[in-house]
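So the sequence lines, in the order shown, correspond to chains D and B. Under the working numbering, think of the first position of the first sequence as 969, with each following residue one higher. Under the working numbering, think of the first position of the second sequence as 969, with each following residue one higher. Beta carbons: idealized from backbone N, C-alpha and C, even for Gly. I have placed the structure first, in the form of structure tokens, so that the comments after it can refer back to it.
2 protein chains.
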Amino acid sequence: MSSASPTLATPPVKRSFREQMHQAREDAIVAAVNRLLAEKGFEAMTVDEVAAEVGIAKASLYKHFPSKEDLAAAAMVKVMQRAQSFLDGLQARPGLTPLQRLREVARWTMEVQLAGEMPSLPSENSSLRAALAASKPYVDGLMDVSDRLGGWIVEAQADGSLNTSLPPIAVLYTLYARACDPVLGFLKASGQYGTEQIIEMVLSTCFDGLRQR
Amino acid sequence: MSSASPTLATPPVKRSFREQMHQAREDAIVAAVNRLLAEKGFEAMTVDEVAAEVGIAKASLYKHFPSKEDLAAAAMVKVMQRAQSFLDGLQARPGLTPLQRLREVARWTMEVQLAGEMPSLPSENSSLRAALAASKPYVDGLMDVSDRLGGWIVEAQADGSLNTSLPPIAVLYTLYARACDPVLGFLKASGQYGTEQIIEMVLSTCFDGLRQR
DNA sequence: GTCTATACACAGATAGAC
DNA sequence: GTCTATCTGTGTATAGAC
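In structure tokens:
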């Protein structure tokens, strides 16, 4: 968004390079936070671990992000952006039915979780909750995603492919919950199934239910 | 299990009374731990909070339980025992089909969770995990519950009421996961539905699936 | 067994040199 | 902006009187 100051003698190229380095460093930080957040959750993750994984001093982290909460919030925003990008890609495929889109979204969240990149959600009274609620990019992203999914949900109910007796918000929350469903980890830990099999099974239980059809 | 020593002059009644007091105190402790475990999880729960809620000094807690992990493990064992008692009650009702039994189990776990009494499961690398794996009562209880549910699952698949393309273990894990499904909390927080409505909706998504039947 | 007081460890955050 | 060194609070656990 910001351009190099024209009054300075330093060439814009150099400033851009430094900004690129800065951005790359922050990306590395956010990626490490994301991974640790998925692995152990916000409370159990320590800033020392983040610093160690990135390979910089802890004090340097605090030059980039003012607190542990902001660190985690940045990772959550990043995940939300990835989700938005995925929805963009889905919307660009006109051949899909609304139900197919919802199914693809669920599949994507499960893939992200099995890749160890889906942060587990903070408990109700966590300090992270306040930070997320105060983060405009996060809240805006969440609302955007919810709106788009909500649109597909009502469309799928209108065309008769989705259970019409469920309120759309219940469907929406059910899809969100699949992103952190521990069933994936349980089945993975059992060692009997590959990631693709696991995802197919959980997708089946989610959309088709446990009862025989 | 233990009886008063016959060589002592103190009447057995008194010893029994003190044991009752002791047991009542421990029950109060476990109940508080259970509630806090459900509310904020193992990492965020502090022993100070437990002591404050029970109304005794922190050091007294450590006379009853040697560590925070043992404290939490005791609460988990208690929950497992409650589950076993519930299964006992279900088995005593011969009129129920296997599918109905499974549905009642899912309903019970959701009721417990909405009552704020279902501890959230520890993350993969938590110190609580090791304590639970080392707790014979817990592991035994978990295996007993799994065996009984597993029996009903294969019965329900045999009588054609449960999806036969799913491995029984996937069904089992799916039921376990419903016990800590965040959807319940989401819907509760939305303020639009009562607990009974919420449970019916989640039961529907679990057994009937999101797709229209 | 219950208490007060305290030891010990560690996590989040900062100071200040470079 | 990065580092080393440090401050500060807090959480688990224990000592020791009663």
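Just grab the DSSP bridge partners of R1179/D for me. L1130/B
Against A1126/B, what residues of chain D qualify as contacts under a CB-to-CB distance less than 7 Å, listed in chain order? By Cβ distance, chain D contributes nothing, its closest Cβ being about 11 Å from A1126/B, past 7 Å.
Quick check on DSSP: helix, strand or coil for A1085/B? Checking the sequence shown, residue 1085/B turns out to be Glu, not Ala. Of the three classes helix, strand and coil, the one that applies to E1085/B here is coil, per DSSP.
Comparing the CB of P1136/B with every heavy atom of the ligand GDP, is any distance shorter than 6 Å? Absent from the structure shown: the ligand GDP. Ligands present: none.
Within the continuous alpha helix (DSSP H) that includes T1142/D, where are the two ends? 1136-1146
Using only alpha-carbon positions, find the residue among L1178/B, T1065/B, A1040/B that is nearest to L1117/B. T1065/B
Do we get a CB-CB distance below 7 Å when we pair Y1030/D with the residues of chain B? no
Could you check how far apart the C-beta atoms of L1134/B and A1074/B are, in whole angstroms? I think they sit under 8 Å. Not confirmed; about 15 Å, so no contact.
With DSSP collapsed to three states, give me the class of M969/D. Since pLDDT at M969/D reaches only 45, below the 50 mark, its modelled position is unreliable, and the value read off the structure follows with that caveat. The answer is coil: DSSP assigns M969/D none of H, G, I, E or B.
Could you give the distance in angstroms between the alpha-carbon of M1048/B and the alpha-carbon of A999/D? 38 Å
Counting only C-beta atoms, is S1091/B closer than 7 Å to chain D at any point? yes
If you follow the alpha helix (DSSP H) that S1053/D is part of, which residue opens it and which one closes it? 1036-1059
Step through the CB atoms of chain B and report whether any lies within less than 7 Å of the CB of Q988/D. no
According to DSSP, simplified to helix, strand and coil, what is D1149/B? coil
Out of curiosity, what's the CA-to-CA distance linking V1045/D and Y1144/D? 15 Å
DSSP three-state label for G1109/B, please. helix
Identify whether S1091/D lies in helix, strand or coil by the three-state DSSP scheme. coil
Would you give the residue range spanned by the alpha helix (DSSP H) that Y1030/B belongs to? 1026-1032
Select from the stretch 1092-1105 of chain D all residues with a C-beta closer than 8 Å to any C-beta belonging to chain B, and list them in chain order. E1092, N1093, S1094
Listed by chain order, chain D residues near Q914/B by CB distance under 8 Å: Examination of residue 914/B is not possible in this model, given that chain B is present from 969 through 1181 alone.
Which same chain residues end up closer than 6 Å to D1149/D when comparing Cβ atoms and leaving out the 5 residues on each side of it in sequence? none
Three-state secondary structure (DSSP) of M1013/B: coil
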